[in-house]
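J.: So the mapping is simple: our numbering equals the position in the sequence shown, first residue as 1, plus 4.
Here it is, the structure, as C-alpha cells.
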Amino acid sequence: MTIHHPWDDAPGEGRAVELAADVLWMRLPLPMRLNHVNVYAFRDEDGWTIVDTGFDTGRGRAIWQMLLDGPLAGAPVARVIATHQHPDHIGLAGWFQDRGAALWTSRTSWLFARMLQLDAQDRVSDRQVAFWRAAGMPADRLAARQAERPWNSADVVHPLPLGFTRLVEGQVVRFGSRAWRVAMGNGHAAEHVTLWSQDDDLVIGGDQLLPGISPNLGVYPTEPLANPVQDWLDSCARLAALAEDRHLVLPGHKLPFRGLPARLDTMAENHESALTRLAQSLAERPRTAVDCFDVLFKRSIGDAEYGLALVEAVAHVNCLHQRGLIAQVGVTPDGGTVWGRDTAPDLR
Ligand SMILES: [Zn+2]
Numbered sequence: 005m006t007i008h009h010p011w012d013d014a015p016g017e018g019r020a021v022e023l024a025a026d027v028l029w030m031r032l033p034l035p036m037r038l039n040h041v042n043v044y045a046f047r048d049e050d051g052w053t054i055v056d057t058g059f060d061t062g063r064g065r066a067i068w069q070m071l072l073d074g075p076l077a078g079a080p081v082a083r084v085i086a087t088h089q090h091p092d093h094i095g096l097a098g099w100f101q102d103r104g105a106a107l108w109t110s111r112t113s114w115l116f117a118r119m120l121q122l123d124a125q126d127r128v129s130d131r132q133v134a135f136w137r138a139a140g141m142p143a144d145r146l147a148a149r150q151a152e153r154p155w156n157s158a159d160v161v162h163p164l165p166l167g168f169t170r171l172v173e174g175q176v177v178r179f180g181s182r183a184w185r186v187a188m189g190n191g192h193a194a195e196h197v198t199l200w201s202q203d204d205d206l207v208i209g210g211d212q213l214l215p216g217i218s219p220n221l222g223v224y225p226t227e228p229l230a231n232p233v234q235d236w237l238d239s240c241a242r243l244a245a246l247a248e249d250r251h252l253v254l255p256g257h258k259l260p261f262r263g264l265p266a267r268l269d270t271m272a273e274n275h276e277s278a279l280t281r282l283a284q285s286l287a288e289r290p291r292t293a294v295d296c297f298d299v300l301f302k303r304s305i306g307d308a309e310y311g312l313a314l315v316e317a318v319a320h321v322n323c324l325h326q327r328g329l330i331a332q333v334g335v336t337p338d339g340g341t342v343w344g345r346d347t348a349p350d351l352r
C-alpha cells in the first residue's frame, strides 16, 4: 500500500478538524519555508491532552487562545506532550505548564530543550565558527554570520519550569480514552517520542513519521561526531516492526496519512541512496561537506535553507566516514575538511 491521505484540507487558523471522536487536528504557523506545525488534542474525563505546541510567539499564543476559546472550550488542558525538543514542537509547553498543565516528554527532549533555553548567546561561539569552517563554509559567509546575532532557541521557546513526566521506551500510558505504547526514534532529534494506540489505529508520529518530506538529520557542534543518519536508519528499521497499513499517522507536519510501512521503507531508501551517491561522488572528486550540497539535495540551496543544508551534509559525511567509506584527505585554504575515498589499507 502506498501513502494515502484521508483528509485533503488542513484546518484553517484557529480551527480544528475532528479526526476521530474527541481527537482534534489543528495547525500553528511557522515563519519558515516549512510554514506550519500540526498539533493535536485528545479529550477524556480529566480534560485535554495536547500534542506539540508551535513556537512561542505573540501570534502563536493568540491562535492558541482562539483554539482554547473555540474547539477546546469546556475542558481544561490537563497535559502537554512534546514529541521532541525542537522549538516548533515544545515552544509553548512552558506556557501551558504555567497555566496548570503537566508536561510529558522523553528525558533527553526535556534536558535538551531546557539546556538550549538557558543557553542564549549574543555572539556566535568560537566552537560554532570552527565547526562551520571545517564543514566548508566560505570565508565571506562565515564573516557575515559572525557579524550577526545568532538564532537562539530561547527566542521562540517559553521558559520551561522545573518538573516534567518522563516517557520511556516500551511504556504504556493512558490519555484521550486510549492506551498508548511509547516508542522512541532517533536521528532527527534524540529520543523522539512516538505513541501507538493500543485501542484503535492512531499513531502520533511527530517528525519521526512524516509524509512527503524528509526531516532534517543534522550534526551540530554539541556533538560533532554524531551519526544521526545511522540513528535514523536504525529507527526506521525498529519502527517498521510496529507499523501496519491500517495505522493512521498523525504527523508533525503535512497531512495525516495511512501507508506507514511503505513510507518507512521509502525514507530509509532515500537516505541509503543519498549515501551511495555521495560516496561515489567523493571518490571521483574529494571536497568539503558544503561542496556536497548539489549531490545530496539535487537542487540549489538558498540562504534560508543554508544552515539546515550544512548540518545535514555533515551528517551524511559523518555516516560515510563511520562506515569506513571516506576519510579526511586534505584541508582547503579556508580551513574546510576535504573528504575523499578512504584509501588506507583495511587492518581490521
Ligand atoms: Zn518539526
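Glycine included, every Cβ here is placed at the ideal spot set by N, Cα and C.
Hey, is residue 275 close to ligand 1, as in C-beta under 6 Å from one of its heavy atoms?
T.: Ligand 1 never approaches residue 275 closely enough for any of its heavy atoms to be under 6 Å from the residue's Cβ.
J.: Just to confirm, is the Cβ distance from residue 318 to residue 139 under 7 Å?
T.: For residue 318 and residue 139, yes; Cβs fall inside 7 Å.
J.: So, is residue 298 buried or exposed, given that buried needs 16 or more other C-beta atoms within 10 angstroms?
T.: exposed
J.: Going by the DSSP bridge assignment, what does residue 43 pair with across the sheet?
T.: Answer is 30.
J.: Quick check: the Cα distance between residue 352 and residue 328, rounded to an integer number of angstroms?
T.: Caution is warranted here: a pLDDT of 47 is assigned to residue 352, below 50, making its placement in the model unreliable, and the coordinate value is therefore given only provisionally. Each residue's alpha carbon lies about 11 Å from the other.
J.: Should residue 343 go down as buried or exposed, given a rule of 16 or more other Cβ atoms within 10 Å for buried?
T.: buried
J.: Should residue 92 be listed as close to ligand 1, given that the test is whether its C-beta is under 6 Å from any heavy atom?
T.: If you check the C-beta of residue 92 against ligand 1, you find a heavy atom less than 6 Å away.
J.: Which whole runs of the alpha helix (DSSP H) in the stretch 210–284 are 4 residues long or more, in chain order?
T.: Qualifying alpha helix (DSSP H) stretches, in chain order: 232–244.
J.: Sorry if obvious, but does the Cβ on residue 256 come closer than 6 Å to a heavy atom of ligand 1?
T.: yes
J.: Taking residue 179 as the reference, give the member of 44, 18 and 7 with the closest Cα.
T.: Among 44, 18 and 7, the Cα nearest to that of residue 179 is on 44.
J.: Once you ignore the five residues that flank residue 100 on each side, which residues in its own chain have a CB closer than 8 Å to its CB?
T.: Correct list, in chain order: 54, 57, 81, 84 and 107.
J.: My output table needs one value for residue 69: the three-state DSSP class, helix, strand or coil.
T.: helix
J.: Can you tell me whether residue 1 is buried or exposed? The criterion is at least 16 other CB atoms within 10 Å of its CB, across all chains shown.
T.: With the chain covering only 5 through 352, there is no way to say anything about residue 1.
J.: Rounded to a whole number of angstroms, what is the C-alpha to C-alpha distance between residue 283 and residue 330?
T.: Distance between the alpha carbons of residue 283 and residue 330: 7 Å.
J.: In terms of DSSP beta bridges, what is residue 54 paired with?
T.: 45 and 84
J.: Just to confirm before moving on: does the CB-CB distance between residue 183 and residue 212 stay below 7 Å?
T.: no
J.: Just to confirm the assignment, what range does the alpha helix (DSSP H) spanning residue 112 have?
T.: 111–122
J.: Short check: CB of residue 223 to CB of residue 156, under 7 Å?
T.: Not a contact, by the Cβ cut-off of 7 Å.
J.: Can you pull the DSSP bridge partners for residue 189?
T.: Bridge partners of residue 189: 196.
J.: Return the Cβ separation of residue 198 and residue 189 in integer angstroms, given the expectation that the two are a contact with Cβ distance under 8 Å.
T.: 6 Å
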